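Okay, so here's the structure we're looking at.
Numbering (the working numbering), first residue to last: 38 to 310.
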């Protein structure tokens, strides 16, 4: 947790900033228990019939930041919850040609659940050096903790089971609903990338994030992707800028491109390699 010194009149006293939660680094092997041990003054109660402990845990999604932007000096950027909230609203605008094929109510839930594990795990980015299987293990352990330890005895555990099942569907990436939400996840990032760049009038080039445009799979959402990238190119005009959608040839550093490839590899790709 970050802290800053604040004046107390006669001297300096340490003031702990309550609005910021930094996910702690814990020793390997990573476990949920090691992270819970760092929560002050104590970890939320487990095995109760009340949903309040769960409510406290997901507050960390509001105070935890999306870490990718920090590398570019954006310290007060969007939170994990900010990202998921806009995703959920984007499902309302699902293209008419796609909407009848989806369970949009479930898609909205999936948007709000897909990064829930980051309340404990933190936001692991493509350049953090955490292998995809290890990232998946940490997140699955966290979702088990949420579904069983926090929600297992709340109203018969029904909500916990649903949350866990929807999260797993997203992770497996095999249903049309999950593919749509994965595309929305990437679209939301592209939107935020362009919005940050515009806000500082080209003084910040976040183009490496445009890589995710190459991973959008549904034709309807690909049209959205083309539109946002066109908007970005029109904004930058003749000024040189990174084209992450073109990888290394677009100006992305080789190490970053390799990290992105590994991070966004599908389960099929992982099995093949």
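All C-beta atoms in this analysis are idealised placements derived from N, C-alpha and C, irrespective of residue type, glycine included.
All figures in this text were calculated on a predicted structure; none of them were measured in a lab.
Which of helix, strand or coil DSSP assigns to residue i
i           : result
residue 249 : helix
residue 51  : strand
residue 86  : coil
residue 102 : strand
residue 305 : Reliability fails at residue 305, whose pLDDT of 41 lies under 50, so the model's placement of it is uncertain and no value is given.
residue 277 : coil
residue 46  : No answer about residue 46 holds up, because its pLDDT of 47 lies below 50 and its placement is not dependable.
residue 125 : helix
residue 116 : strand
residue 179 : helix
residue 164 : coil
residue 255 : coil
residue 262 : helix
residue 148 : helix
residue 71  : helix
residue 111 : coil
residue 195 : helix
residue 188 : coil
residue 59  : coil
When the options are compared against residue i, the one with the closest alpha-carbon
i           : options               : result
residue 187 : 302, 86 and 78        : 86
residue 143 : 129, 192 and 134      : 129
residue 294 : 270, 271, 264 and 251 : 251
residue 152 : 175, 108 and 277      : 175
residue 279 : 244, 179, 196 and 254 : 244
residue 206 : 177, 300 and 190      : 177
residue 104 : 96, 97, 117 and 95    : 117
residue 66  : 163, 81, 256 and 167  : 167
residue 62  : 52, 54, 53 and 76     : 76
residue 241 : 258, 276, 154 and 223 : 276
residue 265 : 291, 284, 235 and 287 : 235
residue 115 : 109, 107 and 102      : 102
residue 113 : 121, 93 and 58        : 58
residue 172 : 195, 208 and 135      : 208
residue 107 : 64, 78, 97 and 160    : 160
residue 302 : 119, 60, 170 and 109  : 170
residue 147 : 131, 189, 283 and 121 : 121
residue 202 : 150, 193 and 216      : 150
residue 154 : 111, 204 and 131      : 204
residue 111 : 283, 237 and 296      : 237
residue 216 : 131, 119 and 52       : 131
Own chain residues within Cβ distance below 6 angstroms of residue i, not counting five before or after
i           : result
residue 221 : 124 and 127
residue 259 : 253
residue 80  : 73
residue 300 : 163
residue 97  : 58 and 156
residue 135 : 257
residue 282 : 247, 250 and 251
residue 308 : Bear in mind that the predicted position of residue 308 carries a pLDDT of just 41, short of 50, making it unreliable; the figure below should be weighed with that in mind. The answer is none, since no qualifying residue turns up.
Beta-ladder partner(s) of residue i, from DSSP
i          : result
residue 64 : DSSP output for residue 64 lists no bridge partner at all.
residue 12 : The structure shown does not extend to residue 12, since the chain spans only 38 to 310, so no value can be given for it.
Cβ shell of residue i (< 7 angstroms), same chain only, five flanking positions each side left out
i           : result
residue 69  : 157, 178, 179 and 182
residue 213 : 138 and 139
residue 56  : 100
residue 145 : 125 and 128
residue 268 : 231
residue 262 : 224, 227, 250 and 253
residue 93  : 81
residue 184 : 197, 198, 200 and 201
Residue i CB to nearest heavy atom of the ligand NAP below 7 angstroms
i           : result
residue 207 : Among the ligands in the structure shown, none appear at all, so the ligand NAP cannot be discussed.
CB contact below 8 angstroms: residue i versus chain C
i          : result
residue 82 : This model lacks chain C altogether, as it is built from one protein chain only.
Own chain partners of residue i with C-beta closer than 8 angstroms, once the 5 adjacent residues on each side are dropped
i           : result
residue 90  : 81, 82, 83 and 187
residue 272 : 231, 234, 235 and 239
residue 291 : 285
Would you call the stretch 247-263 and the stretch 220-235 touching, i.e. three or more CB-CB distances under 8 angstroms? yes
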